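Working notes for the structure below.
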Amino acid sequence: MKCIVNTAAFIILLGLLLTSCTKGLGRSLGRRNALEFRQYERFELTIKSPGTFENPFDPAQIDITGEFLTPSRKTVQVPAFYYQPYRRSQDAKGNEILTPDGDAVFKIRFAWGELGEYRYRVIARRKGHSRILGAGEFKVVASEAQGYVRRSETAPLYFQFDSGASYFAIGENMCWPSAGGTYDYDKWMPKLVAHGGNYIRLWLINEWSKLSLEHLSLSPGDGNGLGRYDQQAAWRIDYILERADRLDLKVMMCIDSFNSLDATGIYSQWNRYPYNAANGGPCETPAEFFTDTEAKRLFKQRLRHLVARWGYATQVLSWEFWNEVDIVNDYHSANVAAWHEEMAAYLRSIDSWAHLITTSFANTPGDPEVDGLEQLDYVQSHNYGAEDTAGMIAQISRQKIEAYGKPHYFGEYGTDWRFRENTNDPDGIHLHNGLWAAMLSGSAGTAMTWWWDNYIEPNNLYHHFAPVAAFAADVNWAQENYLPGEVADLRYVPGHEPAVSGTLTVNPPGESWNEGSPLNQPHTYSVNNEGEVTNLAVLSRVQHGLVNHPDWHNPATFLVNYPGPGRFVVSVSGVSGWGGAALSITLDGEQVLAADFADTLPDNHETMHQYDGPYGIDVPAGEHSIVVKNRGADWFFTSYQLTNYLTVPNLRVLALSNPTSALVWVQNKENTWWNHHRGIAPQPVNQSEITLTGFSQGEYEIQHWDTYRGTVVQTIPYACGDGTITLTTPAGLLTDAAYKIKKTN
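Right, dumping it as structure tokens:
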């Protein structure tokens with residue numbers, strides 16, 4: 063159960079604190095009668111505006127602080143913030159209109175979970191003077207509220223509330239509204255919650271967004287600029303967070319984005335960023351933002367405002383310093399890591415509620431110098447364009463978990479960062495696979511789709527969240543402390559072996575456009591008949607050519623062993639518009655295929671798709687060496703297929719387990735959005751057996767779940783005598799299935 067904020071009932075008006083900006087700090091107010099609040103419920107003080115200031119957001123000009131003494135005698139200091147009330151309306155076209163609704167004031171917001179009597183006082187400091195402006199007391203009584211989300215102390219890969227209950231994030235990005243403003247969130251958020259969602263992400267950045275806090279003035283007298291915070295945007299964020307609280311949604315608050323420090327890209331905002339010296343800011347170049355003393359002071363001021371206004375809120379899951387910080391201009395890892403370390407330490411020092419702290423990267427591997435900082439509570443990944451969404455998410459999730467030992471989830475993913483490919487997956491196959499693969503790979507939340515307003519909403523794809531939420535609903539993630547499990551054996555049920563071996567699809571997990579990346583080097587990959595590929599982590603989906611980036615030339619050598627005659631296929635899915643490319647395939651040292659992907663429109667640098675399709679060679683049974691090279695000028699995107707190759711069921715098995723329970727997701731590997739887009743129907747996988755190990759002896763119950771309906775298909779008792787449990791998949795599996803295994807005695 064949630065505590066519903068009822069602000070109007072709990073406002074204390076402290077009166078006129080400053081008679082003017084030149085007459086000192088005014089008189090102290092008397093004590094107030096005690097009030098009663100529920101745990102984590104918002105206590106709010108409203109203070110009349112103390113006069114005229116050049117910048118009411120600058121604590122060097124006016125600093126009003128609430129000091130709260132908790133029942134355990136801990137003193138909690140909370141800064142006040144400048145607040146302009148508004149009322150909202152819509153015009154005939156549905157555009158949101160905000161109209162000032164009274165005078166600007168200062169507010170102090172506080173919430174806490176400890177039961178008992180509290181005392182507070184309000185102190186104003188200005189120009190070296192300080193004075194107590196008012197004091198009072200209140201009582202906090204018990205409630206069913208869960209509190210703030212933390213890293214679990216007992217299960218380091220997962221989240222839990224102050225109450226000890228687990229929190230598993232299920233949701234999507236909802237970063238900014240359209241013209242409807244907060245009315246858009248009235249539409250989007252309830253739909254997500256109705257289907258089991260409990261997480262969204264907001265961007266508080268980029269002046270074109272109605273939620274952008276710090277940006278240049280957009281009209282005379284609007285009060286915006288460097289070190290000032292857009293009051294209309296802040297009011298909207300207030301509204302969204304209060305609505306999120308009523309809906310039991312947690313919100314990641316993204317503070318800034320690469321756009322702000324990008325001077326050259328198609329989404330550049332540097333020319334409009336207030337920190338730019340050309341706009342009166344302290345930084346001559348984007349890179350100086352991370353080292354300039356004044357820029358860091360101003361960013362800390364912004365953090366102070368965020369904590370003052372929204373630090374109290376249990377619905378704030380985390381502060382995200384940056385969206386995709388690695389693609390700012392002149393990214394320097396050491397400087398960015400030092401900046402994150404400093405800002406996280408400062409934020410932790412002022413955020414009495416200790417909200418989680420994170421950041422994100424555009425390149426899926428991230429930056430170990432930043433992600434590895436102990437000051438960052440959890441790690442994220444972003445990825446677009448994976449043809450096998452589940453395979454990519456499973457691999458990256460497990461790599462990040464093993465590398466950092468922190469909670470991890472995909473903060474963004476999709477078929478294409480430009481939206482183009484979403485039209486090729488109208489049913490949300492990649493969405494479904496991403497949600498399930500993330501959950502069963504040890505992530506602390508599902509993968510969060512990026513395209514909320516022009517994909518999920520118009521295609522009404524919210525239904526994909528409901529089965530995941532149903533499956534996760536009774537899982538105590540913190541208590542179970544699940545770790546990724548390994549499959550001891552995967553085989554066909556005896557007598558159900560197919561006549562022809564299966565097709566193995568090899569989807570490279572990543573790409574790189576950076577010097578020195580192992581993805582941009584030649585490598586050899588051994589491929590066995592069970593679908594295992596050595597060195598897969600350094601197999602790039604980009605084959606670089608010999609002219610534009612010769613140092614990135616990365617031919618791929620595959621050592622294979624075909625059980626019978628088959629084919630090796632290179633699937634091209636885009637060619638550079640900056641000079642084209644050329645494919646070469648050699649078999650045992652002899653070139654057997656060459657294809658020229660000429661740049662037919664040299665003045666148009668868009669990615670070319672006229673060459674998309676399969677380019678294959680026949681391969682005799684036995685061991686062979688196959689080399690794929692790009693002998694052209696620039697790059698092409700690719701994946702690989704080996705037909706009549708697999709001698710085991712073509713299934714992906716993702717398992718989380720401990721000695722007494724397990725969660726399992728089984729996917730037909732051919733059921734991808736990319737195959738459906740190309741008209742390749744998944745081949746049904748014959749009935750198979752999956753053996754998992756590491757269980758204690760005893761009686762178990764196995765639930766087979768329908769992953770599209772979110773219901774239990776069958777419940778089976780199982781006696782485990784040797785530490786292993788074997789699952790049997792449905793005959794002719796075309797999509798996927800899930801299982802819950804739990805000891806009953």
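For what it's worth, this note's numbering labels the leading residue of the sequence shown as 63, then goes sequentially. Ideal Cβ placement from N, Cα and C applies to all residues, glycine included. Because the structure is a prediction, the values reported are computed rather than measured.
- Is it the case that the Cβ atoms of GLU685 and ASN623 are separated by a distance below 8 Å? In contact: GLU685 and ASN623 (Cβ atoms closer than 8 Å).
- Look up ASP248 in the DSSP assignment and say whether it is helix, strand or coil. When DSSP states are grouped into helix, strand and coil, ASP248 belongs to the helix group.
- Query: Taking just the CA atoms, how far does PRO664 sit from PRO344?
  - Reply: Near 41 Å, if we compare the C-alpha coordinates of PRO664 and PRO344.
- Message: Given this structure, state the Cα-to-Cα distance separating ALA567 from GLU386, to the nearest angstrom.
- Response: It should be pointed out that residue 567 corresponds to Thr in this sequence rather than to Ala. Going by the C-alpha atoms only, they are around 30 Å apart.
- Query: Would the stretch 683 to 697 and the stretch 471 to 478 be scored as touching if the rule is three or more Cβ pairs under 8 Å?
  - Reply: Between the stretch 683 to 697 and the stretch 471 to 478, the count of Cβ pairs shorter than 8 Å is below three; the stretches do not touch.
- Message: Among the candidates GLU304, ILE262, PRO625 and PHE223, whose CA atom is the shortest distance from the CA of MET236?
- Response: Answer by Cα proximity: ILE262.
- Look at the alpha carbon of TRP297 and the alpha carbon of LEU309, and state the distance between them as a whole number of angstroms. Their backbone Cα atoms lie some 18 Å apart in a straight line.
- Query: Between ALA660, GLY794 and GLY507, which lies nearest to GLY639 when the distance is taken from Cα to Cα?
  - Reply: Sorting ALA660, GLY794 and GLY507 by C-alpha distance to the C-alpha of GLY639 places ALA660 at the top.
- Message: Quick check: is the beta carbon of GLY242 nearer than 8 Å to any beta carbon in chain D?
- Response: Here chain D cannot be found, since the structure has a single protein chain.
- Item | Rounded C-alpha distance that separates ILE810 from ASP163 | Absent from the model: residue 810. The displayed extent of the chain is 63 to 807, so no value can be given.
- Could you tell me which residues DSSP puts in a beta bridge with GLU234? Its beta-bridge partners are ILE262 and THR511.
- Item | Host alpha helix (DSSP H) of PHE223 (start-end) | Under the DSSP assignment, PHE223 falls outside any alpha helix (DSSP H), being part of the beta strand (DSSP E) whose first and last residues are 221 to 223.
- Message: Could you give the first and the last residue of the continuous alpha helix (DSSP H) run that contains ILE302?
- Response: According to the DSSP assignment, ILE302 belongs to the alpha helix (DSSP H) that extends over 293 to 309.
- Message: For ASN95, count the other beta carbons within 10 Å of its own beta carbon; 16 or more makes it buried, fewer makes it exposed. Which is it?
- Response: Low local confidence applies: a pLDDT of 39 at ASN95 is under 50, so the model's placement there is unreliable, with the coordinate-based value given in what follows. Taking every protein chain shown into account, the CB of ASN95 has fewer than 16 other CB atoms within 10 angstroms, so this residue is exposed.
- Among residues of its own chain, excluding the 5 on either side of LEU716, which ones have a beta-carbon nearer than 6 Å to its beta-carbon? Excluding residues within five positions, the ones whose Cβ falls inside 6 Å are ALA456, LEU502, SER503 and TRP727.
- Query: Can you tell me the Cα-Cα spacing of THR788 and ASN521, whole angstroms?
  - Reply: Those two C-alpha atoms are separated by around 38 Å.
- Would you kindly check if the distance between the Cβ of ALA207 and the Cβ of TYR102 is under 8 Å? Yes, these two residues count as a Cβ contact at 8 Å.
- Compare the C-alpha of ASP246 against each of TYR210, GLU519 and GLY447 and name the closest. Taking only the C-alpha atoms, the option nearest ASP246 is GLU519.
- Every unbroken beta strand (DSSP E) inside the stretch 556 to 625 [3 residues or more]: Counting whole runs of 3 or more residues, the stretch 556 to 625 contains the beta strand (DSSP E) stretches 564 to 568, 585 to 588 and 618 to 624.
- Cβ separation of ASN591 and PRO556, assumed to be a contact under 8 Å, to the nearest whole Å: Going by Cβ atoms, the distance from ASN591 to PRO556 rounds to 18 Å, so no, they are not a contact pair.
- Message: Looking at PRO348: is its Cβ nearer than 8 Å to the Cβ of ASN391?
- Response: The Cβ-Cβ distance between PRO348 and ASN391 falls below 8 Å.
- Identity of the residue in LYS272, LEU323 and SER319 nearest TYR301 by Cα: By alpha-carbon distance to TYR301, the top candidate from LYS272, LEU323 and SER319 is LYS272.
- Query: Of all the options ILE194, ALA540 and GLY285, which has the alpha carbon lying nearest to the alpha carbon of THR114?
  - Reply: The residue from ILE194, ALA540 and GLY285 with its alpha-carbon nearest to that of THR114 is GLY285.
- DSSP-derived helix/strand/coil call for TRP640: Assignment of TRP640 by DSSP, reduced to helix, strand and coil, places it in the coil class.
- Task: Assign LEU31 to one of two classes, buried (16 or more other C-beta atoms within 10 Å of its C-beta) or exposed (fewer than that).
- Result: Residue coverage of the chain in this structure runs from 63 to 807, which leaves residue 31 outside it and unanswerable.
- Extent of the continuous beta strand (DSSP E) run through LEU131: 125 to 131 is the extent of the beta strand (DSSP E) around LEU131.
- Item | Nonlocal neighbours in the same chain, by C-beta distance under 6 Å from VAL631, ignoring five residues either side | Excluding residues within five positions, the ones whose Cβ falls inside 6 Å are PRO676, GLY678 and GLN703.
- Message: Whether or not the stretch 417 to 434 and the stretch 376 to 384 are in contact is what I'm after, with contact meaning three or more pairs of Cβ atoms, one per stretch, closer than 8 Å; do they touch?
- Response: Yes, since at least three Cβ pairs between the stretch 376 to 384 and the stretch 417 to 434 fall closer than 8 Å, the two stretches touch.
- Query: Which whole-angstrom value is the C-beta distance of MET510 and GLY233, which I expect to be below 8 Å?
  - Reply: Rounded, the Cβ-Cβ distance is 6 Å, consistent with contact.
- Endpoints, the beta strand (DSSP E) within which SER312 is located: The amino acid at residue 312 is misidentified as Ser; the sequence shows Lys. Here the beta strand (DSSP E) through LYS312 covers 312 to 319.
- Query: According to the neighbour-count rule (16 or more other Cβ atoms, all chains shown, within 10 Å of its Cβ), is VAL203 buried or exposed?
  - Reply: Taking all protein chains in view, the Cβ of VAL203 is surrounded by fewer than 16 other Cβ atoms within 10 Å, so the residue is classified as exposed.
- TRP332, DSSP secondary structure in three states: Here DSSP, grouped into helix, strand and coil, assigns TRP332 to helix.
- Task: Express the C-alpha separation of ASN582 and ASP613 in angstroms, rounding to a whole number.
- Result: Roughly 8 Å separates the two Cα atoms.
- Task: Output the boundary residues of the beta strand (DSSP E) element that contains ASP658.
- Result: Where ASP658 is concerned, the enclosing beta strand (DSSP E) stretches over 652 to 659.
- What do you get for HIS606, buried or exposed, if any count of 16 or more other CB atoms within 10 angstroms of its CB means buried? Under this definition HIS606 is a buried residue.
- Message: Taking the alpha-carbon of LEU512 as reference, which of ASN538, PHE481, SER505 and ASN597 has the nearest alpha-carbon?
- Response: Rather than Leu, the amino acid found at residue 512 in this sequence is Trp. Here the closest residue by C-alpha is PHE481.
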